[in-house]
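Trainee: Shown below is the structure under consideration.
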Amino acid sequence: VRTTLTIQEERLLAERAPVDPAAFHQLYQHYFPRIYAYVAYRVGPAPDAEDLTAEVFVKIVEGLGRFEYRGEGALTAWIFRIAHNQVVQFYRRRSGAALPLSLDDLPDIESDLPGPDDALQRKERFERLRGLIGTLSSRRQEIVTLRFFGGLRNHEIAHVLELDERTVASHLCRGLEDLRSRYDDETGGAVPTEKRDSDREQERQS
Amino acid sequence: MNENHTHDKALLREIERRLTEGRPTGDPLLDELAGTLPRADAGFQADLEQRLLARLDIAKSSTPEEPARMTANTLSIDTPTRRGPSSLTMAAAVMAVLVIVGLLVFMTRIPAGPEPFASGIIGIDQDDTPPGADESLLQETATETQDELLLQATAVIATATARAADEDTLMPAISGPLVPVVITLGEILPGQLVDADALAVTWWPPEIVPAGVYGDPHDLIGLYAAGFIAAYQPLTESRLAESLEDIGRTILLTPTVVPPTDVDAIGRTILLTPTVVPPTVVPPEALPVQATPTPVSGDPPSPRRIPLQASPLPPTIPPSFTSTPVPTPTTGGPSG
Numbered sequence: 001v002r003t004t005l006t007i008q009e010e011r012l013l014a015e016r017a018p019v020d021p022a023a024f025h026q027l028y029q030h031y032f033p034r035i036y037a038y039v040a041y042r043v044g045p046a047p048d049a050e051d052l053t054a055e056v057f058v059k060i061v062e063g064l065g066r067f068e069y070r071g072e073g074a075l076t077a078w079i080f081r082i083a084h085n086q087v088v089q090f091y092r093r094r095s096g097a098a099l100p101l102s103l104d105d106l107p108d109i110e111s112d113l114p115g116p117d118d119a120l121q122r123k124e125r126f127e128r129l130r131g132l133i134g135t136l137s138s139r140r141q142e143i144v145t146l147r148f149f150g151g152l153r154n155h156e157i158a159h160v161l162e163l164d165e166r167t168v169a170s171h172l173c174r175g176l177e178d179l180r181s182r183y184d185d186e187t188g189g190a191v192p193t194e195k196r197d198s199d200r201e202q203e204r205q206s
Numbered sequence: 207m208n209e210n211h212t213h214d215k216a217l218l219r220e221i222e223r224r225l226t227e228g229r230p231t232g233d234p235l236l237d238e239l240a241g242t243l244p245r246a247d248a249g250f251q252a253d254l255e256q257r258l259l260a261r262l263d264i265a266k267s268s269t270p271e272e273p274a275r276m277t278a279n280t281l282s283i284d285t286p287t288r289r290g291p292s293s294l295t296m297a298a299a300v301m302a303v304l305v306i307v308g309l310l311v312f313m314t315r316i317p318a319g320p321e322p323f324a325s326g327i328i329g330i331d332q333d334d335t336p337p338g339a340d341e342s343l344l345q346e347t348a349t350e351t352q353d354e355l356l357l358q359a360t361a362v363i364a365t366a367t368a369r370a371a372d373e374d375t376l377m378p379a380i381s382g383p384l385v386p387v388v389i390t391l392g393e394i395l396p397g398q399l400v401d402a403d404a405l406a407v408t409w410w411p412p413e414i415v416p417a418g419v420y421g422d423p424h425d426l427i428g429l430y431a432a433g434f435i436a437a438y439q440p441l442t443e444s445r446l447a448e449s450l451e452d453i454g455r456t457i458l459l460t461p462t463v464v465p466p467t468d469v470d471a472i473g474r475t476i477l478l479t480p481t482v483v484p485p486t487v488v489p490p491e492a493l494p495v496q497a498t499p500t501p502v503s504g505d506p507p508s509p510r511r512i513p514l515q516a517s518p519l520p521p522t523i524p525p526s527f528t529s530t531p532v533p534t535p536t537t538g539g540p541s542g
């Protein structure tokens, strides 16, 4: 379950984190998983995701003292704008095409989906989803990853990308439609791989 | 258009519900997107937090004049180009304050009225002197007191300058020909043996050096103060005496060096740093005549030599100037 901060909590974190290690710890615990998940979807390999996440948090530490809280979602938007910029810089720095990834390079995946699956299957699913998202336009890739893996709401995404909230919602919906189409093509219907395999197993047993 | 809008709203609500409640929606795509989250290594997460907290401390301690400039890989703090006042400037300021305070203290000690020095310094008309006062004596005393004041102020300045320039060596802070002058760092009572530890060498311009000063602290070993010597005063021949008899004093006890011993684990006696027991100064009227010190080896009773001959240390080096261990026979140790 994604937790969100109330406006009071967010303001308190923004004000106290630069000077209070306990507040910074709370900020870190709240944002680290979301930043890491967002960055990992955007870049892929775990080492790259760790480097980028570290860079993002260094920037956060650097700028926290100067950050001015300006209303609901401001802290989250500011933090994810830093993450977004670091991802953009990462792709600018990287020259040439991305090398094919082995599953060992991928980060561990946390899953709340029902049904049995092991770490390897989760990594395969992660890579498949990355591949699907990668077929979208860069704008929609950004919006989908910020929404699902960064856990941002539409108005926060609008702040990060400097777009209108309705534009964000529209991109999100259109992007999901595109994804659904490709997803159905890949899975042979609206059935996830793991579920389909278990169904086949049940059919074989019966 | 309306259908699209309605569909979008439903989809957005579905996404929100999936992300906030964490329950599967039945939509495989949404469930996979929301339920497949990369998770960082816990060690990496904890280590990064520690490093960030350390950086946060540095950033917090940086003032606006010293901005912390952090990059992804390094952290550097700009060194401020503007420096504070130099040590010599501070020393000059301290000197000025010391001189002013010294003058004020000295002035407050001068009683108003018929005191000759008061009239000389603060410009009281000589006609105000009480009738019957010896004018030549008053003038002489006033001159002496002014010299004393000048001497004291000069000593303070020279000492402060030397200390500010180099606390360890007390070297001169200004260029030009200077002469070494030994001063005392603390008060010396009349009849008190000069303590070599309380001496310092300062460097004075030749034109202000009083007559009879010492340039080497070793020359003062074994001498006694003929009168009260205030702190930071130059030690001159006229202020010191070679024996207490010269200044009408005597000593009750000869200064002795007591070699402290300790016994180690196997019974050997170990000689530790010698302890000098200073002589006790007693006014002559309080002492019997036969209480004067007795020379050790038939030499004239010079107080300069008595403590040194009684000491196991070389006679020309005071205990405070050496740390050479004194050989001592061991007792009770294992033989051969």
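If you're matching them up, the sequences are chains A and B in order. Its first residue numbered 1, the first sequence is counted upward by one per residue in the working numbering. Its first residue numbered 207, the second sequence is counted upward by one per residue in the working numbering. Think of the CB as a built atom: it goes at the ideal place given N, C-alpha and C, for glycine as much as any other residue. Given the structure is predicted, the values throughout are model-derived calculations rather than measurements.
(1) Spell out the partners DSSP gives Val407 of chain B in its beta bridges.
(2) Do you know how far the Cα of Leu258 of chain B is from the Cα of Pro423 of chain B?
(3) Starting from Glu110 of chain A, trace the beta strand (DSSP E) both ways and give me its first and last residue.
(4) Is there a Cβ from chain A that is less than 7 Å from the Cβ of Pro411 of chain B?
(5) For Gln543 of chain B, which option in B:Glu393, B:Asp452, B:Val300, B:Glu222 has the closest C-alpha, if you only look at C-alpha atoms?
(6) Contact defined as beta carbons within less than 8 Å: I believe Phe126 of chain A pairs with Thr242 of chain B. What is the distance between those atoms, to the nearest angstrom?
(7) Which term fits Met301 of chain B, buried or exposed, when burial requires 16 or more other beta carbons within 10 angstroms of its beta carbon?
(8) Between which two residues does the beta strand (DSSP E) holding Pro234 of chain B run?
(9) How about the segment 50-70 of chain A and the segment 124-139 of chain A: do they share at least three Cβ pairs that are nearer than 8 Å?
(10) So with Cβ pairs under 7 Å, would you call Arg223 of chain B a contact of chain A?
(11) Taking Cβ positions, are Ile35 of chain A and Ala83 of chain A nearer each other than 7 Å?
(12) Rounded to the nearest angstrom, what separates Pro412 of chain B and Pro386 of chain B at their Cα positions?
(13) In chain order, what residues of the same chain lie with their CB nearer than 8 Å to the CB of Ala260 of chain B, ignoring the 5 residues before and after it?
(14) Within a Cβ cutoff of 7 Å, which residues of the same chain sit near Pro45 of chain A, ignoring the five residues on either side of it in sequence?
(15) Leaving out the 5 sequence neighbours to the left and right, which residues in its chain are closer than 7 Å to Ile60 of chain A when beta-carbon positions are compared?
(16) Taking CB distances under 7 Å as the criterion, tell me whether Glu392 of chain B reaches chain A.
(17) What would DSSP say about Val19 of chain A, mapped onto helix, strand or coil?
(18) Roughly how many whole angstroms lie between the Cα atoms of Leu163 of chain A and Ile157 of chain A?
(19) Taking 8 Å as the cut-off, does the segment 424-432 of chain B touch the segment 390-407 of chain B (at least 3 CB pairs, one atom from each stretch)?
(20) Use the C-beta contact count for Pro33 of chain A: other C-beta atoms within 10 angstroms, 16 or more gives buried, fewer gives exposed.
(21) When the Cα atoms are used, what is the spatial distance from Val39 of chain A to Ala49 of chain A?
(22) Find the nearest neighbour of Gln398 of chain B within the set B:Leu446, B:Pro416, B:Glu220, judged by alpha-carbon distance.
(23) Pick from A:Glu15, A:His30, A:His25, A:Glu62: whose alpha carbon is nearest that of Arg70 of chain A?
(24) Listed in chain order, which residues of the segment 81-112 of chain A have Cβ atoms closer than 7 Å to some Cβ of chain B?
(25) Using a Cβ-Cβ cutoff of 8 Å, what residues of the segment 155-187 of chain A are near chain B? List them in chain order.
(26) Less than 6 Å between C-beta atoms, sequence neighbours within five positions excluded: which residues of the same chain meet that for Val19 of chain A?
(27) Where does Ser449 of chain B land, buried or exposed, given buried means 16+ other C-beta within 10 angstroms?
(28) Closer than 9 Å, Cβ to any Cβ of chain A: which residues of the segment 235-253 of chain B, in chain order?
(29) Which whole runs of the alpha helix (DSSP H) in the segment 23-100 of chain A are 4 residues long or more, in chain order?
(30) DSSP three-state call for Leu152 of chain A: helix, strand or coil?
(31) Please report the distance separating the alpha-carbon of Glu124 of chain A from that of Arg219 of chain B.
(32) Examine chain A for any beta-carbon lying closer than 7 Å to the beta-carbon of Glu220 of chain B, and answer yes or no.
(33) Name the DSSP bridge partner or partners of Val419 of chain B?
Mentor: To lay it out plainly:
(1) According to DSSP, Val407 of chain B bridges with B:Val388.
(2) 57 Å
(3) 108-111
(4) No, its Cβ sits nowhere closer than 7 Å to a Cβ of chain A.
(5) No statement about residue 543 of chain B is possible, as the shown extent of chain B runs from 207 to 542 and does not include it.
(6) 5 Å
(7) Classification for Met301 of chain B: buried.
(8) Per DSSP, Pro234 of chain B lies in no beta strand (DSSP E); the unbroken alpha helix (DSSP H) holding it starts and ends at 234-241.
(9) no
(10) Chain A contact via Cβ: absent.
(11) With respect to Ala83 of chain A, Ile35 of chain A sits close: the two C-beta atoms are nearer than 7 Å.
(12) 9 Å
(13) none
(14) Leu101, Asp105, Leu106
(15) Ile79, Ile82
(16) Residue identity differs from the one stated: residue 392 of chain B is Gly in this sequence, not Glu. Chain A contact via Cβ: absent.
(17) If DSSP states are grouped into helix, strand and coil, Val19 of chain A belongs with coil.
(18) 8 Å
(19) yes
(20) buried
(21) Going by the C-alpha atoms only, they are around 6 Å apart.
(22) B:Leu446
(23) A:Glu15
(24) Pro107, Asp108, Ile109, Glu110, Ser111, Asp112
(25) Ala169, Ser170, Leu172, Cys173, Leu176, Leu179, Arg180, Tyr183, Thr187
(26) none
(27) Burial call: buried.
(28) Leu235, Leu236, Asp237, Glu238, Leu239, Ala240, Gly241, Thr242, Leu243, Pro244, Arg245, Ala246, Asp247, Phe250, Gln251
(29) 46-64, 74-93
(30) coil
(31) Each residue's CA atom was taken as its position, placing Glu124 of chain A and Arg219 of chain B some 28 Å apart.
(32) no
(33) B:Thr442
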